[in-house]
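Here's the structure, in structure tokens; my notes come after.
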Amino acid sequence: MKKKPILILAITALMMLVLGQSVFAFSDTGSNPNAEKIKALKERGILSGTGSDQFKPDSELTYAAAISMLVKAFDLNLDNTNFIKKPEATDSFPNLSNDAWYSEAFIIAQLNDLDIPSDVKANDPVTKEQFAHHLFQAINTTGQYAMIKMWMIINDEDDVTPGYMTNIQNVLLTKIAEVDKDGNFNPKKAITRGEAAGWLYEGLNFVEKHTALEPQPEYPQYDIKLDVKAVNDDINKVTLSAEVPHPGHGFRISSIAFEGDQAIIYTEPILPEPDKMYPQVITTVEVATYVDAAFKPVLADDLYSIEGSEGSDQPISEQHPLQ
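Residue numbers for the sequence shown, in mature numbering (1 follows the signal peptide of the UniProt record, and there is no 0): -25 to -1, 1 to 298.
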């Protein structure tokens, strides 16, 4: 009869072991702060661990693992790419192998502009600034997102590689990552596998919860010429002119900024209406406005600076084609 309690104890222990393994994705992630996120990523088939039911969340993340993780998570591929020659990893990364488990991921990442250093080695540890940069580059493959224009304070900002700062700001603004209790990002510190999984989970969550912006149309580049004529001692008439492919094209003045003694003129394009037919004849378009004679009119460097949204239906200047 004494065997029964022992048997019950053994069964209970076995059940606890089985249940414990089912609660956590891997046998070694139970105490990691990102345990639930690691589990969720494993269930989605993004994480597979290092073998023997382990993930090693406290180990440094290697470049091979990082790039493979990002390619799988964001479903990056070469489906819409045609090649004259089959690409190989060593075409862009001479220190890598062409027949390793990670090789295809690096090819895909390169063609999707994840911006990986060309001298990378598979087992190089990935720093926090590098992973932040590659992660947000991967997010950008899903579309462009509206971002709050705010600069996040990083106490160790001087340690950040300048080319990575934009995406570090992005992961902080989107709450994918955060600075430590001292306000430091620790950009040169190697990121752990557990930390990277946490950031990746939040990155995917950001994409799933936000709608990408509609792509802006490609604006034609017109060679705009500026002519100034005095109306009287106080006012100048400023005329902008350019040749356009047909009468459906045009441009208008979107705003004028007064800086010092200059009146900086910003323009925006008028695109053809898609349901209209236009004669295919080169047309000269003129736009006129009036400026205080105390200011020198100049064109803005960026010819089509969209101030606000899509511009008013009532431009601040008149426009008419010259036949």
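Quick reminder that beta carbons are idealized off the backbone N, C-alpha and C, glycines included.
Note that this is a predicted model, so its numbers are computed, not measured.
When C-alpha distances from Ser6 are compared across Ala41, Asn55, Gly26 and Gly169, the shortest belongs to Gly169.
Closest option to Phe233, judged by alpha-carbon separation, among Gly138, Leu274, Val260 and Thr4: Leu274. An exposed status is given to Pro190, since fewer than 16 other beta-carbon atoms sit within 10 Å of its beta-carbon. In the displayed model, Ser216 falls within a strand according to three-state DSSP. In this structure, Thr56 keeps its C-beta atom at 8 angstroms or more from the C-beta atom of Leu89. Under DSSP, the beta-bridge partners assigned to Gln29 are Gly26. Bounds of any beta strand (DSSP E) do not take in Ala113; it lies within the alpha helix (DSSP H) bounded by Lys103 to Asn115.
Taken atom to atom, the span from the alpha-carbon of Glu153 to that of Val146 is near 8 angstroms.
Cβ-Cβ distances below 8 angstroms link Ile42 to Tyr77, Ala80, Phe81, Ala84, Leu89, Ile91 and His109 in the same chain, with the five nearest sequence neighbours on each side left out; the list follows chain order. In the DSSP annotation of this structure, the continuous segment of the alpha helix (DSSP H) that includes Gln144 starts and ends at Met140 to Leu148. One alpha carbon belongs to Ile123, the other to Ile240, and they sit about 27 angstroms apart.
Only residues of its own chain outside the window of five on either side were considered, and among them Thr37 have a CB closer than 6 angstroms to the CB of Asn98, listed in chain order.
Out of Thr149, Asn73, Asp66 and Asp133, the CA that lies nearest to the CA of Ala107 is found in Thr149. For Lys200, the enclosing beta strand (DSSP E) covers residues Lys200 to Ala205. Pro32 and Ala171 have their C-alpha atoms spaced approximately 9 angstroms apart.
Short of 8 angstroms from the beta carbon of Asp236, and not among the five residues preceding or following it, lie these beta carbons of its own chain, in chain order: Ala269, Phe270 and Lys271. In this structure, the straight-line span from the alpha carbon of Lys156 to that of Asn130 is close to 11 angstroms.
Non-local beta-carbon contacts of Asp209 in its own chain, meaning distances under 6 angstroms to residues more than five positions away in sequence, involve Ala268 in chain order. Burial check for Val256: the Cβ neighbour count within 10 Å stays below 16, so the residue is exposed. Within its own chain, the residues whose Cβ lies closer than 8 angstroms to the Cβ of Thr242, once the five positions on either side in sequence are excluded, are Ile199, Leu215, Phe226, Arg227, Ile228, Ser229, Val262, Leu274, Ala275, Leu278, Tyr279 and Ser280, listed in chain order.
By the 16-neighbour rule on beta-carbons within 10 angstroms, Pro249 is exposed.
C-alpha of Trp126 to C-alpha of Ile166: approximately 23 angstroms in a straight line.
The residues Thr167 and Arg168, in chain order, have a CB closer than 7 angstroms to that of Ser34 in the same chain once the five nearest residues on each side in sequence are set aside. If you draw a 10 Å sphere on the C-beta of Val46, you find 16 or more other C-beta atoms in it, and that means buried. Rounded to whole angstroms, the separation of the alpha carbons of Thr65 and Ser72 is 7 angstroms.
For the pair Thr264 and Lys212, the Cα-to-Cα distance works out to about 6 angstroms.
The beta-bridge partner set that DSSP reports for Ile239 consists of Ala232 and Val273.
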